[in-house]
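Undergrad: Those sequence lines, one after another, are chains A and B. Quick note on the numbering used here: the first sequence kicks off at 1 and runs consecutively. Quick note on the numbering used here: the second sequence kicks off at 162 and runs consecutively. Glycine included, every Cβ here is placed at the ideal spot set by N, Cα and C. What follows is a single structure, and I will ask about it in a moment.
Protein chains: 2
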Amino acid sequence: MEQYNAYSQLLERTARRVKQYAQYQFNCQQFGITVDQWTILKNLNQYADLAQKELAEYCGKDQPTLTRIVDLLVGKQLVERRPHPNDRRSFVVHLTPTGKAKVETLSGRVGSIRMQAWKNLNEADFEHLKRILDTIYDNLDVRKGETDQVPATEWLSDKIE
Amino acid sequence: MEQYNAYSQLLERTARRVKQYAQYQFNCQQFGITVDQWTILKNLNQYADLAQKELAEYCGKDQPTLTRIVDLLVGKQLVERRPHPNDRRSFVVHLTPTGKAKVETLSGRVGSIRMQAWKNLNEADFEHLKRILDTIYDNLDVRKGETDQVPATEWLSDKIE
DNA sequence: CTCATATATTTGTCATACTAATTATTATTG
DNA sequence: CAATAATAATTAGTATGACAAATATATGAG
């Protein structure tokens with residue numbers, strides 16, 4: 001039973017290092033944003049003008065966290081909040097021209113940075129990993145069946161189109 | 162190249178859920194500590210009276226983070242700082258009787274909680290996962306060769322003895 | 001239509017991660 | 001031995017994550 005604790009820690013430790021490595025490279029190369037901020041910009045560029053709730057869903061963040069990241073991006077003038085056409089409770093987040101330019105400039109460089117993690121691994125490894133992580137994710141759904149969240153599997157395939 | 166970004170996010174998202182699920186159960190069952198605090202107690206119980214730097218290494222935390230977690234555990238009277246016998250810069254962290262009792266009480270229950278993540282997976286999956294995560298971890302060693310850190314593989318095998 | 005309920009966002013609080021800088025002490029070098 | 005460099009721990013600042021509560025608006029039941 002002990003080993004499950006160790007596996008969990010291994011997973012967390014690896015994820016932390018992946019993020020830390022990316023952030024380190026972002027800093028060295030003076031991207032001027034954090035890895036999480038990049039995630040927001042990336043998704044906005046892909047899907048364009050999402051409400052914050054949707055954006056949070058796509059980015060895998062909760063709403064308070066998203067609000068704060070959007071605040072920072074607004075401060076950097078990379079995105080702006082626009083009123084939602086049908087719902088005055090809601091905002092649509094829009095990439096500014098500066099933001100769009102940043103996505104386009106950095107896209108390839110982020111890709112190279114991310115790639116570093118996956119050296120020495122092959123397609124079969126990716127498939128294994130994807131299946132295993134999806135299984136874990138679904139094992140831990142606290143509110144199973146109650147919500148309309150995107151199943152783990154679809155979520156990923158959406159990203160890599 | 163895009164897919165590497167998505168894999169990284171998948172990994173982070175899964176790790177986050179594993180931690181969140183465990184913390185949720187800790188809270189429901191009123192363990193009175195966080196998952197990260199548990200990691201410290203667990204390692205102290207296993208290795209006994211480590212200097213903070215060593216403890217940080219074993220737990221996969223950096224030193225500032227460890228300092229703060231130890232502060233919280235001292236506040237809960239689960240551990241205490243003792244002077245290091247040979248080095249006055251350093252402290253040794255010691256499990257109090259209360260702390261030791263807590264580790265013993267919770268050990269099995271934490272194991273059960275952790276196990277939940279790994280349902281529907283078999284030994285081969287664990288082996289794959291371990292190998293893949295270790296590969297990633299070693300791919301991202303920023304200061305390769307410069308430090309005496311524990312290689313990924315040994316780190317895990319140490320935990321599950 | 002009105003009231004109760006649900007939803008989108010924000011704010012607050014605590015815990016953790018990373019970086020840089022500070023302090024006290026130890027180790028090294030000339 | 002004295003000056004310098006290295007190390008253990010701490011502190012400070014910023015960002016993120018989880019959760020609870022507050023606010024404004026929308027929706028649904030009667």
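For residue 272 of chain B, go through chain A and note every residue whose CB falls closer than 7 Å to its CB, in chain order.
TA: Position 111 of the second sequence, counting from 1, holds the residue named residue 272 of chain B. Neighbours of residue 272 of chain B on chain A, chain order: 1, 2, 4 and 5.
Undergrad: For residue 51 of chain A, name the three-state secondary structure that DSSP assigns.
TA: Translated into positions along the first sequence, residue 51 of chain A becomes position 51. Note: residue 51 of chain A maps to strand in three-state DSSP.
Undergrad: Whose Cβ in chain A lies nearer than 7 Å to the Cβ of residue 300 of chain B?
TA: Counted from its first residue, the second sequence places residue 300 of chain B at position 139. The contacting residues are 116, 117, 119 and 120.
Undergrad: Of all the options B/179, B/192 and B/167, which has the alpha carbon lying nearest to the alpha carbon of residue 35 of chain A?
TA: Within the first sequence, numbered from 1, the residue matching residue 35 of chain A stands at position 35. Answer by Cα proximity: B/167.
Undergrad: To which residues of the same chain is residue 92 of chain A closer than 6 Å at the C-beta, ignoring the five residues directly before and after it?
TA: Residue numbering aside, residue 92 of chain A sits at position 92 when the first sequence is read from its first letter. So the list reads 49, 51, 82 and 84, once near-sequence residues are dropped.
Undergrad: Going by other Cβ atoms of all chains shown within 10 Å of its Cβ, with 16 needed for buried, is residue 37 of chain A buried or exposed?
TA: For the purposes of this step, residue 37 of chain A is taken as residue 37 along the first sequence, with counting starting at 1. Buried, by the Cβ-count rule.
Undergrad: Out of A/129, A/118, A/133 and A/136, state which residue places its alpha-carbon closest to the alpha-carbon of residue 299 of chain B.
TA: Numbered from 1 along the second sequence, position 138 holds the residue referred to as residue 299 of chain B. Here the closest residue by C-alpha is A/118.
Undergrad: CA-CA distance, residue 94 of chain A and residue 21 of chain A?
TA: Along the first sequence, one-based indexing puts residue 94 of chain A at 94. Along the first sequence, one-based indexing puts residue 21 of chain A at 21. Each residue's Cα considered, the two are about 28 Å apart.
Undergrad: Which chain B residues sit within Cβ distance under 8 Å of residue 18 of chain A?
TA: Stepping through the first sequence from its first residue, residue 18 of chain A is reached at position 18. What residue 18 of chain A touches in chain B: 169, 172, 173, 297 and 301.
Undergrad: Looking at the C-beta of residue 205 of chain B, does it have a partner C-beta in chain A at a distance below 9 Å?
TA: Locating residue 205 of chain B in the second sequence gives position 44, counting from the first residue. Chain A, which has no Cβ nearer than 9 Å to the Cβ of residue 205 of chain B, makes this no.
Undergrad: Determine the extent of the beta strand (DSSP E) in which residue 94 of chain A is found, giving its start and end residues.
TA: Counting from one through the first sequence, the residue named residue 94 of chain A turns up at place 94. 91–95 is the extent of the beta strand (DSSP E) around residue 94 of chain A.
Undergrad: Kindly identify the DSSP beta-bridge partner or partners of residue 13 of chain A.
TA: Here residue 13 of chain A corresponds to residue number 13 of the first sequence, with the count starting at 1. According to DSSP, residue 13 of chain A bridges with nothing at all.
Undergrad: Does the CB of residue 217 of chain B have a neighbour CB from chain A at under 9 Å?
TA: Along the second sequence, read from residue 1 onward, the residue named residue 217 of chain B stands at position 56. No, residue 217 of chain B lies away from the interface with chain A (no Cβ there is under 9 Å from its Cβ).
Undergrad: Suppose you measure from the CA of residue 272 of chain B to the CA of residue 216 of chain B; what does that come to, to the nearest Å?
TA: As a first step, residue 272 of chain B must be located in the second sequence, where it is residue number 111. As a first step, residue 216 of chain B must be located in the second sequence, where it is residue number 55. Residue 272 of chain B and residue 216 of chain B: Cα-Cα distance of roughly 21 Å.
Undergrad: Does the Cβ of residue 71 of chain A lie closer than 8 Å to at least one heavy atom of the ligand ZN?
TA: As presented, the structure is devoid of all ligands, the ligand ZN included, so that no description of it is given.
Undergrad: Whole angstroms is fine: what's the gap from residue 28 of chain A's alpha carbon to residue 115 of chain A's?
TA: Residue mapping note: residue 28 of chain A aligns to position 28 of the first sequence, counting from 1. Residue mapping note: residue 115 of chain A aligns to position 115 of the first sequence, counting from 1. Answer to the nearest angstrom: the Cα atoms are 17 Å apart.
Undergrad: Looking at the structure shown, is residue 85 of chain A part of a helix, part of a strand, or coil, going by DSSP?
TA: Numbered from its first residue, the first sequence carries residue 85 of chain A at position 85. Here residue 85 of chain A sits in coil by DSSP.
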